[in-house]
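Every letter in the sequence shown is one number past the one before it in this note's numbering, and letter 13, counting from 1, is 1297.
Cβ coordinates follow ideal geometry from the N, Cα and C atoms, glycine included.
A short worksheet on the structure shown next.
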Amino acid sequence: MKPFFQMALAGASILVAGMAQADTFAEIKINAGHELFNKECRRCHADDSDHESYGPPLENVIGRAAGSIEDYDYSVALEASGIVWTPAALRAWMEDNDGFMPGTKMRHVGIDDRTVQDFILAYLASITTRDGSAISE
Ligand code: HEC
């Protein structure tokens, strides 16, 4: 009995360690994304809708219709684009926003490193709620 019990215990602790690690990787990605967001996006974008920013707030941006923050004064190009901010659209935007959407008033950012895009997307996902409700700080 004892060896089996010990094996089961060892198996369970490996499983638990594996799960903890998966969480940690997800957290590391989000934290890295947060830092990259601060470096590349924050000076123009708030990450919560309660704060004014030069660009539209990016809380709940994933799955949102482009140009849909009511009080924000978008360019005609963005407002009329009819696109939804999927992860793929956000990648194209980070990579070459003014090529992706000529006429946008967002200055070119040019993030073409997929890893950097991944991290920023992980952060944007972390500030996107399923039901679109605001994230309270
Ligand atoms: C120099 C200022 C500036 C920087 C830096 C910047 N943005 Fe923007 N962003 C804007 C402006 C201004 C708009 C509105 C564009 C328009 O109306 O055409 C915008 C619009 C957007 C939108 C469209 C949102 C919506 O409501 O439709 C997304 C998504 C976005 N930016 C993501 C980013 C991300 C991600 C970064 C960092 C990698 C970033 N931006 C960096 C100024 C900036």
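Nearest-angstrom beta carbon gap, residue j and residue i [assumed within contact, 8 Å]
i, j, result
"Ile1411", "Asp1331", "5 Å"
"Val1360", "Gly1317", "Rounded, the Cβ-Cβ distance is 31 Å, inconsistent with contact."
"Glu1343", "Ala1418", "7 Å"
"Gly1394", "Asp1380", "7 Å"
Limits of the alpha helix (DSSP H) - the one that residue i falls within
i, result
"Arg1398", "Arg1398 to Ser1410"
"Met1390", "Premise fails: Met1390 is in no alpha helix (DSSP H) and is neither H nor E."
"Ala1372", "Pro1371 to Phe1384"
"Ala1350", "Run containing Ala1350: none; DSSP gives neither H nor E here."
"Glu1343", "Segment: none, Glu1343 is in no alpha helix (DSSP H) and carries neither H nor E."
"Glu1258", "Shown here, the chain extends from 1285 to 1421; a query on residue 1258 therefore has no answer."
For residue i, the nearest candidate out of the options (CA to CA)
i, options, result
"Tyr1407", "Phe1309, Thr1308, Lys1313 and Phe1384", "Lys1313"
"Glu1336", "Met1378, Ile1353, Thr1399 and Gly1416", "Ile1353"
"Asp1397", "Ala1376, Met1385 and Thr1413", "Ala1376"
"Asn1322", "Val1400, Thr1413, Arg1414 and Ala1364", "Val1400"
"Asp1402", "Glu1363, Arg1327, Thr1370 and Gly1383", "Thr1370"
"Ala1372", "Thr1413, Val1345, Leu1320 and Asp1357", "Val1345"
"Phe1385", "Ala1350, Thr1413 and Ala1409", "In the sequence as displayed, the identity of residue 1385 is Met instead of Phe. Checking every option, the nearest Cα to that of Met1385 belongs to Ala1350."
Backbone secondary structure at residue i - three-state DSSP
i, result
"Ser1417", "coil"
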